[in-house]
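Letter by letter, the sequence shown follows residues -33 to -1, 1 to 144 of mature numbering (1 follows the signal peptide of the UniProt record, and there is no 0). Glycine included, C-beta positions come from ideal geometry on N, C-alpha and C. Remember, predicted model here, so these are calculated numbers, not experimental data. Comments concern the structure below.
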Amino acid sequence: MSQSFRVDAGRRNLLMFGTGLALSAALPQEASAADSYPYSAGSEPPRTPVIAGVTDCHMHYFDKRVATVPGAPVLHPDAFPDDYRKIQRRLGLQRNVVVTPSAYGTNNQVTLAGMAEMGAGARGVAVVDTAVTDAELQRLHGLGIRGIRFNLVQAGATSLDMAEPLAARIKPFGWHI
């Protein structure tokens, strides 16, 4: 075997190794547990820088320990503030609006608990019906609720005929529907 063959074989192996290394860097990598983002398809920060003060204006928390309404059409696994904080850090967000999921009817407990855990950067959208008391509306306002929602696609706790009377009741708070 000649000396030049051994050099060529070494160069060939080096080129193959280098090519393999370069290609492997371009392939998607499996995320480690620390890099996983529950309920998010992405894993990288946004390509476009996020403007300071941007708000995620619609997200939900779920907690299996809290009962859902009978026949709730959508039941999700747990989704807690710590899960969302990972997404916030990745996206560069500081503020969020937590929306009560339809599965909980008018029970805003999970939303309020999540908002409290998130702190001053969190606001909420509650689900109420016409039986809600003025004292409850005042309490919700004090806890950071700034709107109410009507889910007209999935029948449930609210109906369109409640919109006008509830709009009049939330107007003093400056809330939105």
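*Got a sec, what are the start and stop residues for the alpha helix (DSSP H) A80 sits in?*
76 to 85
*Among R106, V120, P16, which residue has its Cα nearest to the Cα of G59?*
P16
*Would G91 be called buried (16 or more neighbouring beta carbons within 10 Å of its own) or exposed?*
buried
*Note the first and the last residue of the continuous beta strand (DSSP E) segment covering R113.*
112 to 115
*What are the boundary residues of the alpha helix (DSSP H) that D49 is part of?*
48 to 58
*Pull up the CB-CB distance for W142 and G109, whole angstroms please, since I reckon it's below 8 Å.*
Actually they do not touch by this definition, with Cβ atoms about 13 Å apart.
*asked:* Could you check whether the Cβ of M26 sits closer than 6 Å to any heavy atom belonging to the ligand ATP?
replied: Looking for the ligand ATP in the displayed structure turns up nothing, as the structure carries no ligands at all.
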